[in-house]
Structures are given as structure tokens and as C-alpha cells.
Amino acid sequence: LQSQGKKIGSIVGQAKKLLQNPIMKNSGKNVLFEDKINFHWIYYLFYQIKRDIPNSYSHSKLMLELFHQDFEKWKLHISTYLRVMNNFLMTCIQLRRHEEIPSCLTSMREVKNLIRPHTETAKSHFMRHANHSILYHLETGKYDEGKHVVKEICSELKSYRKKLNDLEKIAL
Numbered sequence: 819l820q821s822q823g824k825k826i827g828s829i830v831g832q833a834k835k836l837l838q839n840p841i842m843k844n845s846g847k848n849v850l851f852e853d854k855i856n857f858h859w860i861y862y863l864f865y866q867i868k869r870d871i872p873n874s875y876s877h878s879k880l881m882l883e884l885f886h887q888d889f890e891k892w893k894l895h896i897s898t899y900l901r902v903m904n905n906f907l908m909t910c911i912q913l914r915r916h917e918e919i920p921s922c923l924t925s926m927r928e929v930k931n932l933i934r935p936h937t938e939t940a941k942s943h944f945m946r947h948a949n950h951s952i953l954y955h956l957e958t959g960k961y962d963e964g965k966h967v968v969k970e971i972c973s974e975l976k977s978y979r980k981k982l983n984d985l986e987k988i989a990l
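In terms of the numbering used here, the sequence shown is residues 819 to 990.
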């Protein structure tokens, strides 16, 4: 454990140096969408490594807001959007910000229509949405609503069963 702590300390030290770069000081107005996402992604990861969940949450929320400002960005960067949404939901769960989760789960359902069926992205989306839906209902004690969600997941699971490995099946 001590060696792992030293390794994390080394990574944090290197990340701090990276964040001192003048490029990382400005996510200004004339910057491309992708650069803004990368800017916040670096900070998100930095705070995750430091186990600073509130700051990690802030940067995941900023990335999500960038996507929500322009629907076309969802379509162009669907995999990135799903990763951002997944990370935002994880930080919401960690911080017990349950009030923000339902709207995100709704957005995830809407995004499903933009994903080609039977692809790795579709499978990943299914797993993320299922896990976050279940966690939300367990964390909030909304078990009756959760029963409905579990039925939907079980129904949809049939179409992904062959694509899921054993660990993924067990997780669900």
C-alpha cells in the first residue's frame, strides 16, 4: 500500500507540473469544443487521482454542460459524451447528489437512439445506463420504481447476452 501511495504521489506531482503549463490556464471562448473537453478532462482525471471528488464532479459537470449547449456535439462525439455522462453520474453517486441523476438517466435513454444497435458502443451504453439506474434506485431507496427498471434491464439484456462477457453478466 505504501508503494502504491508513492506511485500516486508521483503521478499527482507530474500532473501538477502539467497543469502549470500556460495552455492549461485558459479554456477561453476562442478554443475548439474538443480542446475545452480535453481541458476539463485533464482536470477531472487530476482530481480523481487526488481523490478530490468535489472538484472532479465540477469538471465532469462542466464537460456535460458543454455537450448540452450543442446537440450536434452529442452526435459527433457520442462515445466521449457517454464517458462524460458516466463519470458525472459516478461523481454524483459518490457525493450523494441524487437529485441530478434522473435527468441524466433520461438523457442517456434519449442518446440510445443515436447509437447504432449491436455495436460495442451500444453494449457499453446499455451497461452504463443499467448500472447507474440500479445504483440510483438502491441509493435512494426507491425500490418500487427500481423494480420497473430491473424489468426493463432484464428485457433489454436478452439482446446483449451474447455480447457480454461473464463478468458483465454477473455485474448485472
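Even glycine gets a Cβ: it sits at the ideal position worked out from N, Cα and C.
Asked	Found
Boundaries (first-last residue) of the alpha helix (DSSP H) holding I867	851–867
CB of F906 within 9 Å of CB of L882, strictly	yes
Three-state class that DSSP yields for Y899 in the structure shown	helix
Per-residue burial, H966 [other beta carbons within 10 Å of its own, 16 or more giving buried]	exposed
Sub-9 Å separation of S951 and I971 beta-carbons	yes
Contact belief for K891 with F851 at Cβ below 8 Å, rounded distance in angstroms	6 Å
Continuous alpha helix (DSSP H) stretch holding H943: start and end	938–958
Buried versus exposed, by CB contacts within 10 Å (16 or more), S874	buried
Nearest neighbour of L913, chosen from T958, P935, Y899 [CA to CA]	T958
C-beta atoms of S878 and T898 nearer than 9 Å	no
Neighbourhood of T939 by C-beta distance below 8 Å, restricted to the same chain and skipping five residues each side	I896, S897, L900, I933
DSSP three-state assignment for L819, whether helix, strand or coil	Annotation note: pLDDT 49 at L819 (below 50); position unreliable, coordinate value reported separately. Coil at L819, not helix or strand.
Option in F864, P920, K987, L982 with minimal Cα separation from E963	P920
Length of the line joining the Cα atoms of I860 and M903	16 Å
Alpha carbon of Y978 to alpha carbon of S942, nearest angstrom	10 Å
Same chain, Cβ closer than 7 Å to K930, neighbours up to 5 away in sequence not counted	H943
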